[in-house]
Amino acid sequence: MAQVRTRFSPSPTGSLHLGGAHTALFNWLFARHHRGVFLLRIEDTDQERSEERFTTEILESLTWLGLDWDGDLVRQSQRLPLYHDYIERLLQAGAAYCCDCEPADLEARRQAALAQGKKPRYDGACREKGLERGPNTAVRFKTPPTGVTHWQDQIKGPIAFDNQELDDLVLLRADGVPTYNFAVVVDDLTMAVTHIIRGDDHIPNTPRQLLIYAALGATPPLFAHMPLMLGKDRAKLSKRHGALPILAYRERGFLPHTLINYLARLGWSHGDQEIFSLEELVRYFSLKHVGKAPGIFDEEKLLWLNGHYLKETPAPDLARALIPYLAPLGITDPDPAYLARVVTTLQARTKTLVEMADAARFYFLDPRPYDPQAASKFLTPENGPLLTEIAGRIQALPDLEEAGLTQMLHDLAASTNRKLVNVAQPLRVALTGKTISPGLTEIIPILGKAEVLKRISQALNFLKK
RNA sequence: GUCCCCAUCGUCUAGCCUGGUCCAGGACACCGGCCUUUCACGCCGGCAACACCGGUUCAAAUCCGGUUGGGGACGCCA
């Protein structure tokens with residue numbers, strides 16, 4: 010087989026969402042698996058709704074996910090002469106014709122048909138008029154009235170449409186801008202795309218595109234329609250399901266590989282395996298194991314995966330990734346070595362980088378003001394002597410080894426006739442301001458003796474009031 | 001409405017092509033328990049599905065047909 014060439018072709022009318030990233034990923038994986046080429050094309054023929062800021066955001070999203078594309082970015086808006094060239098060919102061949110029907114009329118006829126329960130389709134009014142190109146004429150495709158258009162879908166299997174179900178679609182608008190179905194064919198043809206992997210909401214477009222390839226005398230690429238990603242209510246994923254732009258997941262503290270792993274496993278599988286490195290995904294990916302049924306996006310599982318990768322990522326790497334999330338809390342320029350130690354204590358306890366940053370707060374900032382509930386329960390006058398005693402013992406410790414600290418806490422519990430938890434909690438609140446934190450014997454060595462003693466004395470001050 | 005696609009635990013899925021090894025396996029979530037200085041992690045255990053009806057066959061989650069259900073598409077949007 011010739012070299013595999015796939016493409017991702019978003020339209021810059023909005024942010025890149027999960028669904029788009031899903032298709033982009035499958036195209037990328039397929040191309041990389043076959044050591045082929047992955048192209049990126051911006052479908053900006055809708056001049057009304059396309060915006061440059063969305064193109065920028067889409068590129069940033071793909072880059073963040075690590076989905077790198079080959080060659081230059083292609084923009085449909087810069088290929089107008091090419092489309093006109095192909096329109097001429099179709100017109101010459103008698104496979105297309107000009108149409109001067111009023112858009113408003115067409116819309117009215119469409120609504121009327123729909124209201125009568127009929128399939129809304131263009132009636133071919135201008136088909137035999139022999140109109141010339143003019144300022145108000147669009148160009149339509151002359152769809153064969155009979156016959157069947159079919160293809161072997163690489164995911165769904167054989168699919169067939171009766172040509173009579175298809176109407177004469179507009180190829181070129183009156184303003185000279187091509188429509189989606191036409192531009193896509195010209196682009197995929199000229200970019201030599203071999204496999205079109207896209208959402209199965211494009212299935213109805215496929216016979217139309219196939220017919221255009223045929224009219225052009227070209228061999229069409231292979232088509233693979235992947236199942237759609239649905240929201241909790243089983244409808245196409247959209248904002249109301251909380252489907253956020255890809256970059257919003259970055260803001261919420263997800264690791265890019267979490268998204269990659271999650272998206273890969275939605276609609277595709279490799280036996281029972283859930284966790285995949287990028288290399289494994291590239292190695293194992295195959296259209297053969299892409300399922301046909303739509304999948305529902307499950308944020309719980311995404312969180313679980315992120316928690317998993319938070320545990321797996323080496324602390325120094327994670328520390329670097331955490332820095333941007335610390336800044337909003339007022340923690341800037343943290344010492345890398347210190348931060349890496351901090352991260353080690355938080356990896357198994359948080360599910361996002363945002364949570365981790367929040368949990369890391371006390372390592373850098375004054376634990377005061379204390380959590381009111383925690384303080385009223387544990388920073389009580391009767392715990393004063395206990396805290397004083399703890400301070401004394403820590404002061405006396407030659408070093409802050411975990412084993413020694415554990416021993417000290419147990420000894421103290423025994424000698425003061427308390428349960429260990431009743432020794433630990435007051436100290437925890439004194440050091441962190443909260444009742445929930447990493448283990449005390451992990452925290453103390455990181456904060457260091459001086460800081461620990463300072464925080465205990467601050468707590469003693471507090472409870473005297 | 002018409003056309004098209006789809007159908008295994010609540011969710012993601014394995015198995016289906018090449019029927020028997022499946023009274024259906026894994027994961028998330030959930031529920032117990034263990035561990036434990038808090039919270040997590042981890043470990044152990046549990047709950048839970050082949051949409052329905054027919055057919056083919058010695059045998060069907062697996063093949064065929066229909067029904068039902070869900071989704072998608074019907075633009076001078078992509």
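10 is the number of the first residue of the first sequence in my numbering; add one for each residue after it. Think of the CB as a built atom: it goes at the ideal place given N, C-alpha and C, for glycine as much as any other residue.
Unbroken beta strand (DSSP E) run spanning residue i, endpoints
i: Q161; result: V157 to D162
i: A30; result: Element bounds for A30: not the beta strand (DSSP E) but the alpha helix (DSSP H), L27 to H42.
i: I212; result: Per DSSP, I212 belongs to no beta strand (DSSP E) and is neither H nor E.
Collapsed DSSP secondary structure at residue i in the structure displayed
i: I168; result: strand
i: A147; result: strand
i: K138; result: coil
i: G554; result: Outside the shown range of the chain, which is 10 to 474, sits residue 554, and nothing can be said about it.
i: L231; result: strand
i: R243; result: coil
i: I221; result: helix
i: G226; result: coil
i: V186; result: coil
i: V461; result: helix
Residue from the options whose Cα sits closest to the Cα of residue i
i: G143; options: D109, V46 and D114; result: D109
i: Y334; options: G262, L418 and K360; result: G262
i: P325; options: N315, V352 and G316; result: V352
i: A273; options: R437, F306, V430 and A330; result: F306
i: E66; options: D176, F39 and A30; result: A30
i: P236; options: T203, I164 and I452; result: I164
i: L161; options: P229, W73, A147 and D132; result: Sequence inspection shows Gln at residue 161; the Leu mentioned does not correspond to that position. The option with the nearest alpha carbon to Q161 is P229.
i: A400; options: L418, S385, E411 and D114; result: L418
i: I255; options: L268, P407, G413 and R243; result: L268
i: F63; options: D77, S20, R44 and G80; result: S20
i: L287; options: D55, T354 and Y271; result: Y271
i: R243; options: G304, D77, E60 and H234; result: G304
i: P337; options: L178, R370 and H42; result: R370
i: A105; options: A223, L49, D55 and S24; result: A223
i: Q56; options: T188, A11, H159 and R130; result: T188
i: D171; options: V83, T199, L27 and P154; result: P154
i: S18; options: L48, E97 and F35; result: L48
i: A302; options: H234, A227 and A349; result: H234
i: G28; options: L374, L362, R437 and L253; result: L253
i: G393; options: A468, V193 and L68; result: A468
i: E308; options: Y347, T361 and R292; result: T361
Inter-residue Cα distance where the pair is residue i and residue j
i: A439; j: L388; result: 7 Å
i: T415; j: D367; result: 26 Å
i: T152; j: R217; result: 8 Å
i: S86; j: L123; result: 33 Å
i: R358; j: L275; result: 26 Å
i: Y92; j: L99; result: 11 Å
i: R119; j: E364; result: 52 Å
i: R182; j: A134; result: 17 Å
i: L296; j: I212; result: 17 Å
i: A117; j: G126; result: 14 Å
i: R149; j: G300; result: 36 Å
i: I332; j: T341; result: 8 Å
i: Q434; j: P343; result: 28 Å
i: G156; j: D177; result: 15 Å
i: D281; j: T158; result: 38 Å
i: G185; j: D53; result: 14 Å
i: D408; j: L312; result: 38 Å
i: E411; j: P454; result: 8 Å
i: D420; j: N315; result: 39 Å
i: T354; j: L395; result: 26 Å
i: R58; j: S24; result: 12 Å
Residue i, enclosing alpha helix (DSSP H) - first and last residue
i: I452; result: L449 to L456
i: V179; result: That residue, V179, is in no alpha helix (DSSP H); its beta strand (DSSP E) goes V179 to L181.
i: I255; result: I255 to E260
i: R437; result: L429 to T441
i: R329; result: A324 to L335
i: T15; result: Looking at the DSSP string, T15 is not in any alpha helix (DSSP H); the run it does join, the beta strand (DSSP E), is R14 to F17.
i: H317; result: E308 to E321
i: Q85; result: Counting along the chain, Q85 falls outside any alpha helix (DSSP H), and DSSP gives it neither H nor E.
i: D197; result: Y189 to T199
i: G3; result: Limits of the chain in this structure are 10 at one end and 474 at the other, which puts residue 3 out of reach.
Whole runs of the alpha helix (DSSP H) within the segment 338-409, excluding any shorter than 4 residues: 345-355, 362-373, 381-387 and 393-405
Ordered list of alpha helix (DSSP H) runs contained in the segment 48-81, each at least 4 residues: 61-74
Contained alpha helix (DSSP H) runs [length at least 4] in the segment 89-135, N- to C-terminal order: 89-101 and 112-124
Completely contained beta strand (DSSP E) runs for the segment 261-300, where each covers 3 or more residues: none
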